[in-house]
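*Asks:* Under this note's numbering, think of the first position of the sequence shown as 548, with each following residue one higher. Backbone N, C-alpha and C fix where the C-beta goes; we use that ideal spot for every residue, glycine too. Sharing a structure below in structure tokens format, with a few things to ask.
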Amino acid sequence: MRALALIGNKRLRKLFSIRENSPSLQVPNNPFAWFHCASLGEFEQATPVIKEYIALHPSAPILLSFFSPSGYEPIVANQPKWLRPMDKVCALPFDTPFRVRSFLKSFDYKVKFFAACKYDVWPNLISELSNAKIPTYVFAVHITENSKVLKSSFMRWNWAKLTRVFTQSHESTKLLISKGINAETIGDPRVDRVIELAESSFPPEGLIEWKGDANLVVAGSTWVQEEVGLITLPWSEKYKLIVAPHDVSKQNIIRVLNLFNATGHTASLLSDSKFDTPVIIVDTMGQLTSIYPIADLAIVGGGFGKGIHNILEPAANGIAVITGPNISRFREASVLLDSGVLSIADEQNTLPRLVWDKITQVKPKSNWLNSQKGSSIKIASILP
């Protein structure tokens with residue numbers, strides 16, 4: 548693998564690089580509370596659990612590990628303010644017996660527990676921790692009958708070694724228990740995270756005044772399929788649109804801008820701060836969380852392709868959400884669909900009518916998602 552990385556595989560080079568540059572760990576005064584995230588998405592999901600754990604156990608140092616550079620690099624570059632000097636961030640070693648043992652020996656196996664977010668369960672690591680009598684957990688797990696965890700005998704054997712698995716649903720719990728895996732239904736800590744973000748987010752300067760009394764649609768993480776549907780609607784001073792493409796490369800932003808302007812609409816870029824057009828294109832990443840609070844309706848992209856993007860963020864702001872039909876892999880989608888928060892455009896050509904029906908008859912904001920919060924403190928309270 549090392550040879551392949553040196554030859555020129557960029558992803559492999561990065562995987563090796565973050566491990567070579569990961570700081571050496573010392574033996575802590577108190578045992579680490581070890582949280583592991585594969586990447587940045589899992590970190591967002593784990594954040595409320597870690598913060599609740601710190602509040603419950605202020606003297607316990609946190610060890611936060613990542614497998615992927617896309618998680619490790621941004622956190623090292625801009626560490627969250629709630630991490631303290633005694634807390635450490637590192638890259639998880641590759642899962643070979645020698646590397647795992649060397650890593651654990653560097654801090655003398657002083658670990659209260661290991662807790663991974665979602666699915667990043669490495670067999671040699673779990674075996675070594677189990678042999679050392681260190682409790683191991685996985686949380687925020689969503690399992691279906693087609694999940695690899697159930698289909699692979701090796702993965703079932705590995706997961707059966709875990710002290711406990713905290714799932715998002717009773718269905719997942721039943722499936723895991725049927726395979727001899729100790730599981731318990733707790734819920735999805737992402738709910739706590741998106742509610743926290745919604746309550747602490749402020750729209751970019753000028754957007755509230757631009758919205759005025761208009762009914763506003765925010766289309767987040769859009770692909771061509773959603774954008775083509777949205778250009779057919781009569782955006783105006785009364786009905787306004789913000790489009791945040793999933794790809795914010797210069798080339799794609801220009802494509803989306805030209806798409807709207809070429810079809811009779813007047814669109815501008817958010818970064819230009821003109822606020823004199825009924826359609827605004829978001830041309831930088833990380834803006835959606837602060838824009839959803841002023842929306843009356845959200846469209847989330849990906850549902851006409853491989854799968855939807857984040858629908859919990861808009862739902863946390865109490866607004867109705869529309870997506871395409873590809874939602875089967877996402878438990879939160881079926882839950883939001885049953886609650887009435889989510890509506891599905893079964894085909895691409897039905898999207899414009901559904902959007903127009905919803906935005907011309909805006910309903911009061913829903914407080915449903917708030918009733919689902921609280922899993923983070925439950926998980927943190929169970930961890931030793």
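Can you name the residues that DSSP bridges to Lys787?
*Replies:* Indexing the sequence shown from 1 puts residue 787 at position 240. Lys787 is bridged to Leu763.
*Asks:* Taking only the alpha-carbon atoms, compute the straight-line gap between Met548 and Ser818 and give it to the nearest angstrom.
*Replies:* Locating residue 548 in the sequence shown gives position 1, where the first residue counts as 1. Locating residue 818 in the sequence shown gives position 271, where the first residue counts as 1. Bear in mind that the predicted position of Met548 carries a pLDDT of just 48, short of 50, making it unreliable; the figure below should be weighed with that in mind. Near 42 Å, if we compare the C-alpha coordinates of Ser818 and Met548.
*Asks:* Using a 10 Å radius around the Cβ and a threshold of 16 neighbouring Cβ atoms, would you call His583 buried or exposed?
*Replies:* The count along the sequence shown starts at 1 and reaches residue 583 at position 36. By the neighbour-count rule (16 or more Cβ atoms within 10 Å), His583 is buried.
*Asks:* I'd like to check one pair, Ala814 with Ile827: are the Cβ atoms closer than 8 Å?
*Replies:* Locating residue 827 in the sequence shown gives position 280, counting from the first residue. Locating residue 814 in the sequence shown gives position 267, counting from the first residue. Closer than 8 Å, so yes.
*Asks:* Measure how close the beta-carbons of Ser612 and Ser586 come, nearest whole angstrom, since I'm counting them as under 8 Å.
*Replies:* In the sequence shown, counting from the first residue as 1, residue 612 sits at position 65. In the sequence shown, counting from the first residue as 1, residue 586 sits at position 39. With a Cβ gap of about 12 Å, Ser612 and Ser586 do not count as contacting.
*Asks:* Report all residues from its chain with a CB closer than 7 Å to the CB of Asn577; omit the five preceding and five following residues, and keep chain order.
*Replies:* As a working note, residue 577 is residue 30 in the sequence shown. Ser606, Ala607, Pro608, listed in sequence order.
*Asks:* Leu610: which of Trp903, Asn762, Ser569 sits nearest, CA to CA?
*Replies:* Taking the first residue of the sequence shown as 1, we reach residue 610 at position 63. If we check each option's Cα against that of Leu610, Ser569 comes out closest.
*Asks:* According to DSSP, Phe613 sits in a beta bridge with which residue or residues?
*Replies:* Numbered from 1 along the sequence shown, position 66 holds the residue referred to as residue 613. DSSP output for Phe613 lists Cys584, Ala638 as bridge partner(s).
*Asks:* Under the rule that 16 or more other beta-carbon atoms within 10 Å means buried, what is Val574, buried or exposed?
*Replies:* Here the question's residue 574 lines up with position 27 in the sequence shown. Result: exposed.
*Asks:* For Gly854, which residues from the same chain have a beta carbon less than 6 Å from its beta carbon, with the 5 sequence-adjacent residues on both sides left out?
*Replies:* Stepping through the sequence shown from its first residue, residue 854 is reached at position 307. Taken in chain order, the residues that qualify are Asn873, Arg876.
*Asks:* Enumerate, from N- to C-terminal direction, the unbroken beta strand (DSSP E) stretches of 3 or more residues contained entirely within the stretch 837 to 873.
*Replies:* Complete beta strand (DSSP E) runs here, min 3: 844 to 847, 867 to 870.
*Asks:* Take Met702 and list the residues in its own chain whose beta-carbon comes closer than 7 Å to its own, dropping the five residues that flank it on each side.
*Replies:* Start at 1 with the first residue of the sequence shown, and residue 702 comes out as number 155. Closer than 7 Å at the Cβ level, and outside the excluded window around Met702, lie Lys695, Val696.
*Asks:* Return the bridge partner residues of Val658 from the DSSP annotation.
*Replies:* Start at 1 with the first residue of the sequence shown, and residue 658 comes out as number 111. In the DSSP output, where bridge partners are listed per residue, Val658 has Phe579.
*Asks:* Give the single residue among Trp782, Thr897, Lys598, Pro751 whose Cα lies nearest to the Cα of Glu743.
*Replies:* As a working mapping, residue 743 is identified with position 196 in the sequence shown. For Glu743, the nearest C-alpha among the options comes from Lys598.
*Asks:* Among Asn805, Val771, Pro825, which residue has its Cα nearest to the Cα of Asn896?
*Replies:* As a first step, residue 896 must be located in the sequence shown, where it is residue number 349. Among Asn805, Val771, Pro825, the Cα nearest to that of Asn896 belongs to Val771.
*Asks:* My output table needs one value for Leu816: the three-state DSSP class, helix, strand or coil.
*Replies:* On the sequence shown, position 269 is the one that residue 816 refers to. Leu816: strand per DSSP, three-state reduction.
*Asks:* What's the call for Glu752, buried or exposed, on a 16-neighbour Cβ count within 10 Å?
*Replies:* Numbered from its first residue, the sequence shown carries residue 752 at position 205. Exposed, since its Cβ has fewer than 16 Cβ neighbours within 10 Å.
*Asks:* By the three-class DSSP mapping on this structure, what secondary structure does Leu933 have?
*Replies:* The chain is shown only over 548 to 931; residue 933 falls outside these bounds and no answer can be derived.
*Asks:* Write down the C-beta distance between Leu859 and Arg737 rounded to the nearest angstrom, noting that I regard them as a contact closer than 8 Å.
*Replies:* On the sequence shown, residue 859 is found 312 positions in, with the first residue counted as 1. On the sequence shown, residue 737 is found 190 positions in, with the first residue counted as 1. Yes, Leu859 and Arg737 are in contact; Cβ-Cβ is about 6 Å, under 8 Å.
*Asks:* So, is Gly727 buried or exposed, given that buried needs 16 or more other C-beta atoms within 10 angstroms?
*Replies:* In the sequence shown, the residue the question calls residue 727 occupies position 180. By the 10 Å Cβ count, Gly727 comes out exposed.
*Asks:* At the level of alpha carbons, what is the spacing between Pro627 and Glu894?
*Replies:* By one-based count along the sequence shown, residue 627 stands at place 80. By one-based count along the sequence shown, residue 894 stands at place 347. Answer to the nearest angstrom: the Cα atoms are 41 Å apart.
*Asks:* Since Pro670 and Asp642 should fall inside the 8 Å C-beta cutoff, what is the C-beta to C-beta distance between them, to a whole number of angstroms?
*Replies:* In the sequence shown, counting from the first residue as 1, residue 670 sits at position 123. In the sequence shown, counting from the first residue as 1, residue 642 sits at position 95. Correct: roughly 7 Å between the Cβ atoms.
*Asks:* Thr691 lies in the alpha helix (DSSP H); which residues open and close that run?
*Replies:* Counting from one through the sequence shown, the residue named residue 691 turns up at place 144. Segment: none, Thr691 is in no alpha helix (DSSP H) and carries neither H nor E.
*Asks:* Could you check how far apart the C-beta atoms of Ser820 and Pro750 are, in whole angstroms? I think they sit under 8 Å.
*Replies:* Mapped onto the sequence shown, residue 820 falls at position 273. Mapped onto the sequence shown, residue 750 falls at position 203. No, Ser820 and Pro750 are not in contact; Cβ-Cβ is about 13 Å, not under 8 Å.
*Asks:* Is the stretch 902 to 910 touching the stretch 879 to 886 in the sense that three or more CB pairs, one from each, lie closer than 8 Å?
*Replies:* Flag = no, the stretch 879 to 886 and the stretch 902 to 910 do not touch.
*Asks:* Beta-carbon separation of Ala842 and Val741 under 8 Å?
*Replies:* For the purposes of this step, residue 842 is taken as residue 295 along the sequence shown, with counting starting at 1. For the purposes of this step, residue 741 is taken as residue 194 along the sequence shown, with counting starting at 1. Contact flag unset, no.
*Asks:* Curious, which full-length beta strand (DSSP E) runs of at least 3 residues does the stretch 661 to 730 contain?
*Replies:* 683 to 688, 711 to 714, all fully within the stretch 661 to 730.
*Asks:* Residues in the same chain with beta-carbon distance under 8 Å from Gln834, minus the five sequence neighbours each way, listed in chain order, please.
*Replies:* As a first step, residue 834 must be located in the sequence shown, where it is residue number 287. So the qualifying residues of the chain are Pro751, Ala791, Leu817.
*Asks:* With 16 other CB atoms within 10 Å as the buried threshold, where does Gly811 fall?
*Replies:* The residue labelled residue 811 in the question sits at position 264 within the sequence shown. With fewer than 16 Cβ atoms within 10 Å of its Cβ, Gly811 is classed as exposed.
*Asks:* Quick one: residues in its chain with C-beta nearer than 6 Å to the C-beta of Pro825, no 5 flanking neighbours on either side, listed in chain order?
*Replies:* Sequence index remark: in the sequence shown, residue 825 carries index 278 (1-based). Only Trp782, Ser783, Lys787 meet the Cβ criterion.
*Asks:* With H, G and I counted as helix, E and B as strand and the rest as coil, what does DSSP make of Val826?
*Replies:* Taking the first residue of the sequence shown as position 1, residue 826 is located at position 279. Correct three-state label for Val826: strand.
*Asks:* Just to confirm before moving on: does the CB-CB distance between Asn864 and Ala766 stay below 8 Å?
*Replies:* If you number the sequence shown from 1, residue 864 lands on position 317. If you number the sequence shown from 1, residue 766 lands on position 219. No. Outside cutoff.
*Asks:* How long is the line joining the alpha carbons of Tyr666 and Phe822, rounded to whole angstroms?
*Replies:* Position 119 of the sequence shown, counted from the first residue, corresponds to residue 666. Position 275 of the sequence shown, counted from the first residue, corresponds to residue 822. Straight-line Cα distance between these residues: approximately 43 Å.
*Asks:* Would you list the residues sitting across from Leu562 in a DSSP beta bridge?
*Replies:* Position 15 of the sequence shown holds residue 562. Answer is none; Leu562 lacks a bridge partner.
*Asks:* Determine the direct distance from the alpha carbon of Ile778 to that of Glu692, and round the result to whole angstroms.
*Replies:* Reading the sequence shown from its first residue, position 145 is the one you call residue 692. Reading the sequence shown from its first residue, position 231 is the one you call residue 778. Cα-Cα distance, rounded: 39 Å.
*Asks:* Ends of the beta strand (DSSP E) at Ile891?
*Replies:* Position 344 of the sequence shown, counting from 1, holds the residue named residue 891. Unbroken beta strand (DSSP E) run through Ile891: 889 to 891.
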